[in-house]
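Note sheet for the following structure.
2 protein chains.
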Amino acid sequence: MGRPMARHILDAGFKLTVASRSRGPVDELAAAGARAAASPAEVARESDVVILMVPDPPDVEAVTFGPDGLAEALAPGSVIVDMSTGDPILAREWAARLAERGVDFLDAPVSGGMEAAIAGTLSVMVGGRAEALERARPVIEAVSGRIVHVGDSGAGQIAKAANQLVVGSTIQAVAEALVLARTAGVDPVRVREALLGGYAASRILEVHGQRMIDANFKPGARAQLYQKDLGIIQGLARSLGVPTPAFDAVAEGFVRLVERGDGELDYSALVMLLEEQAGVRVAESPRAEGTT
Amino acid sequence: MGRPMARHILDAGFKLTVASRSRGPVDELAAAGARAAASPAEVARESDVVILMVPDPPDVEAVTFGPDGLAEALAPGSVIVDMSTGDPILAREWAARLAERGVDFLDAPVSGGMEAAIAGTLSVMVGGRAEALERARPVIEAVSGRIVHVGDSGAGQIAKAANQLVVGSTIQAVAEALVLARTAGVDPVRVREALLGGYAASRILEVHGQRMIDANFKPGARAQLYQKDLGIIQGLARSLGVPTPAFDAVAEGFVRLVERGDGELDYSALVMLLEEQAGVRVAESPRAEGTT
Chain L
8 MGRPMARHIL DAGFKLTVAS RSRGPVDELA AAGARAAASP AEVARESDVV ILMVPDPPDV
68 EAVTFGPDGL AEALAPGSVI VDMSTGDPIL AREWAARLAE RGVDFLDAPV SGGMEAAIAG
128 TLSVMVGGRA EALERARPVI EAVSGRIVHV GDSGAGQIAK AANQLVVGST IQAVAEALVL
188 ARTAGVDPVR VREALLGGYA ASRILEVHGQ RMIDANFKPG ARAQLYQKDL GIIQGLARSL
248 GVPTPAFDAV AEGFVRLVER GDGELDYSAL VMLLEEQAGV RVAESPRAEG TT
Chain P
8 MGRPMARHIL DAGFKLTVAS RSRGPVDELA AAGARAAASP AEVARESDVV ILMVPDPPDV
68 EAVTFGPDGL AEALAPGSVI VDMSTGDPIL AREWAARLAE RGVDFLDAPV SGGMEAAIAG
128 TLSVMVGGRA EALERARPVI EAVSGRIVHV GDSGAGQIAK AANQLVVGST IQAVAEALVL
188 ARTAGVDPVR VREALLGGYA ASRILEVHGQ RMIDANFKPG ARAQLYQKDL GIIQGLARSL
248 GVPTPAFDAV AEGFVRLVER GDGELDYSAL VMLLEEQAGV RVAESPRAEG TT
């Protein structure tokens with residue numbers, strides 16, 4: 008997702024320096040007018056706002072505090088905007104460590120997926136100091152359609168955990184509903200259409216309901232990556248004593264999907280587990296075999 | 008919901024005859040230009056399209072096949088449009104019985120609640136013969152924003168069961184997410200706002216998420232009434248062998264809510280169960296006691 012986001016930042020007229028472990032995106036962005044840097048430290052020396060979009064918390068830690076990392080090279084008054092999804096506790100810890108150097112760290116995870124990254128309409132949930140957000144806002148605005156300052160450090164990651172809980176649960180609900188309809192001999196295409204007009208309407212029904220109908224599980228968002236989110240959500244819920252009885256059943260399905268080797272599929276492939284148990288496929292028109 | 012729907016039918020210029028066990032709505036509609044009838048049979052003698060909006064399947068059965076009911080008085084070629092939520096098996100049975108008299112019976116339950124009934128934008132899911140739907144369509148259009156012909160008799164009720172499964176599960180997901188955020192010291196108002204911009208966006212988050220934030224559980228849709236839907240969904244799923252592991256947890260919560268005496272509240276009151284277990288209230292700003 009970093010690549011289309013960087014393009015939007017360039018298009019908005021910012022001077023952009025990029026670094027990545029993958030050569031391809033860096034070369035492509037350099038050809039489009041960005042400066043290619045050999046290390047995070049080199050990015051830091053050229054920048055007062057740094058956007059991070061990396062897979063996992065250990066990657067954020069390495070890029071920020073590792074050798075040739077951001078922390079050693081950023082000037083006081085700079086802002087790191089970490090758009091990766093991660094753990095709120097770590098976000099608070101990193102913010103505290105960087106505050107000692109006069110550098111702000113915003114946890115600013117996003118929702119909307121690759122589609123919104125390409126359109127420049129990501130929803131950004133920000134935790135950290137309001138003053139730091141104001142300094143970084145023009146850059147964040149270049150990639151997003153909505154910026155919400157949720158609260159202090161960690162609040163962005165907590166909002167993202169809430170977001171992912173709702174996303175996973177809604178995928179499961181849509182899957183259960185479409186498999187139920189299909190098993191009863193009713194066309195899931197028409198059910199999706201009808202449901203989009205009332206209280207069952209959701210972005211997931213729209214996008215991932217259509218994926219289930221097309222049996223199109225090309226990611227999108229890999230089920231494997233959602234495992235990280237599961238861990239964060241359930242870790243938070245358990246440590247805070249918040250019951251999540253329905254999400255626990257959802258999580259069990261996602262774990263099963265990955266364990267059996269389907270982790271590279273889009274997370275809407277969750278429907279396959281229900282299809283197999285019910286002995287139907289949502290993607291097959293019930294008309295082919297006669298409506299019951 | 009019958010009252011605002013009848014107003015829209017009058018406003019669209021149809022000649023309308025109304026009957027109800029409650030005197031109030033009949034008098035009000037008579038004052039607005041409708042003809043008041045003393046029985047369903049009297050409505051039937053004046054009408055070629057009859058809309059039913061009654062609480063339960065036994066009410067549909069009584070109004071249709073009971074003494075002074077619709078069946079004995081409707082002319083062949085007439086259409087009954089049953090907009091109540093009910094059992095698909097019964098819908099098929101009633102359609103078959105009426106077909107012997109040359110009368111069509113459409114199962115045509117709705118989504119969107121009182122709000123959509125007042126606005127005239129209900130989503131209508133229709134099961135039954137396409138020809139019958141075409142005859143009734145102008146009247147249905149007066150109350151709805153979307154009409155989907157889902158399939159043969161019963162298909163409307165199956166789509167509604169799928170709808171209610173998604174609605175209940177999404178209420179639970181939003182409740183779990185807001186309680187999680189609130190317990191972690193983050194403002195649910197901002198979380199809702201952030202989530203509405205990405206893949207977690209839904210009509211339920213918009214409407215019922217706001218209800219949870221306001222602790223406004225004035226119905227709306229009474230939890231008690233949703234019990235009927237639960238029974239239909241779980242009956243269908245079990246008889247067809249469709250697993251609904253997450254919805255089963257949702258259903259358990261709704262049953263608990265009603266059993267403890269909160270059945271008269273809106274179904275978004277489901278959040279109260281989680282709030283009590285977590286020891287927080289979504290409606291209380293976390294700011295009041297300091298963000299963690």
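Here the protein sequences line up with chains L and P, keeping their order. FYI, in my numbering the residues of the first sequence are 8 to 299. FYI, in my numbering the residues of the second sequence are 8 to 299. The C-beta atom is built at its ideal place from N, Cα and C for all residues, glycine as well.
How about residue i and residue j: do their beta carbons lie closer than 8 Å?
i	j	result
L:Ala180	P:Ala253	yes
L:Ser85	L:Val131	no
P:Arg199	P:Ile178	no
L:Lys225	L:Asp63	no
L:Gly163	L:Gly134	yes
P:Arg229	P:Gly270	yes
P:Val174	P:Leu281	no
P:Pro83	P:Arg108	yes
L:Ala143	L:Leu113	yes
L:Leu202	P:Asn170	yes
P:Gly120	L:Tyr206	yes
P:Ala13	P:Leu36	yes
L:Leu172	P:Ala208	no
P:Leu243	P:Phe261	no
P:Val117	L:Arg197	no
P:Ala285	L:Val249	yes
In the DSSP assignment, find the unbroken beta strand (DSSP E) run with residue i in it and report its ends.
i	result
P:Phe112	Asp111 to Asp114
P:Thr272	Checking the sequence, you will find Leu at residue 272 of chain P rather than Thr. P:Leu272 -> no beta strand (DSSP E), and no H or E assigned at all.
L:Leu202	Counting along the chain, L:Leu202 falls outside any beta strand (DSSP E), though it belongs to the alpha helix (DSSP H) covering Pro195 to Leu202.
L:Arg153	Ser151 to Gly158
P:Gly134	Leu129 to Gly134
Just curious, the alpha helix (DSSP H) that residue i is in, first and last residue?
i	result
P:Gly175	Ala162 to Thr190
P:Met219	Arg210 to Asp221
L:Met12	Gly9 to Asp18
L:Ser246	Ala230 to Leu247
P:Leu280	Val278 to Ala285
L:Phe254	Pro252 to Leu264
P:Arg30	Arg30 to Ala38
L:Gly120	Gly120 to Ala126
L:Leu145	According to the sequence displayed, residue 145 of chain L carries Pro and not Leu. Segment Ala137 to Glu148, the alpha helix (DSSP H) holding L:Pro145.
Rounded to the nearest angstrom, how far is the Cβ of residue i from that of residue j, given a contact under 8 Å?
i	j	result
P:Asp94	P:Ile239	6 Å
L:Ala43	L:Val25	6 Å
P:Ala48	P:Gly76	6 Å
P:Asp111	P:Ala139	3 Å
P:Gly204	L:Arg218	Contact doesn't hold; Cβ gap of about 21 Å is too wide.
L:Leu129	L:Ser151	5 Å
L:Val278	L:Ala182	4 Å
L:Ser27	L:Gly9	7 Å
L:Gly227	L:Asp273	4 Å
Can you list, in chain order, the residues of its chain whose CB lies under 8 Å from that of residue i, leaving out five sequence neighbours each side?
i	result
L:Val67	Leu59, Val61, Asp89, Ser91, Gly93, Leu97 and Trp101
L:Ala295	Only weak support is given to the placement of L:Ala295: the predicted model assigns it a pLDDT of 44, under 50, and the question is left unresolved by the model.
L:Glu283	none
L:Asp34	Ala43
P:Ser176	Ala253, Phe254 and Val257
P:Gln231	Val265, Gly270 and Glu271
P:Leu212	Thr177, Val181, Arg199, Leu202 and Leu203
L:Ser29	none
Identify, in the order they occur along the chain, each residue of the same chain with its Cβ nearer than 7 Å to the Cβ of residue i, setting aside the five sequence neighbours on each side.
i	result
L:Ala166	Met132 and Val157
P:Ser292	Asp194
P:Gln241	Ala258
Who are the near neighbours of residue i in its chain, counting only those whose CB is closer than 6 Å to its CB and skipping five residues on each side?
i	result
P:Val351	This structure gives no information on residue 351 of chain P, because the portion of chain P shown stretches from 8 to 299.
L:Pro11	Ala124 and Ile125
L:Ala149	His15, Ile16 and Ala19
L:Lys22	none
P:Leu247	none
P:Pro65	none
L:Gly268	none
L:Glu53	Thr24
Against chain A, does residue i count as a neighbour if the rule is that its beta carbon must be under 8 Å from one of theirs?
i	result
L:Gln179	No chain A appears in this structure, whose protein chains are L and P.
Practice task
Entirely within the segment 52-106 of chain P and at least 3 residues each: give me those beta strand (DSSP E) ranges in chain order.
Solution key: 56-59 and 86-89
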